[in-house]
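Residue numbers (our numbering): 58 to 168.
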C-alpha cells in the first residue's frame, strides 16, 4: 500500500514534523511505502493517483485546502491528524473544516 503524508512546508520546526517523521517510520515497519510531502499543493504538487491513501496533517490553515482537494481529485481516501486550535488561520472557514472532517476515512485528534 502506498501512503502519501501531506503537510505544510518544512521551513520551520514544529511538533507536526516530529509527528510525521515518527508516523512515517512506524508505517515503514508494516508493508507500506510511505512518501512524505512537506509542502502543500500547489507549491510542490504530488500525483496522488499513484497512492492508495493519504494522511493529511492539520485542518485549520488555508494551506490545508489544496491537500484535501488533491485527495478528492485523485479519489483516494484520507486520514486527518488535527491539532486542537481554537481558531482558524488564513481564509479557512468552519464549514470547510466540517467538510474536510466529514469526508475523512478517519480523524486522529491530538492536543
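Where is the CB? At the ideal position from N, CA and C, for every residue including glycine.
query, result
"Consult DSSP for residue 136 and reduce its assignment to one of helix, strand or coil.", "strand"
"Would you decide whether residue 112 is buried or exposed? Buried here means 16 or more other CB atoms lie within 10 Å of its CB.", "buried"
"Can the beta-carbon of residue 151 be found closer than 8 Å to that of residue 116?", "no"
"Please name the residue in 86, 81, 83 and 122 whose C-alpha comes closest to that of residue 147.", "122"
"Is residue 90 buried or exposed, if buried means 16 or more other CB atoms sit within 10 Å of its CB?", "exposed"
"Looking at the secondary structure, which residues open and close the alpha helix (DSSP H) in which residue 77 lies?", "72 to 86"
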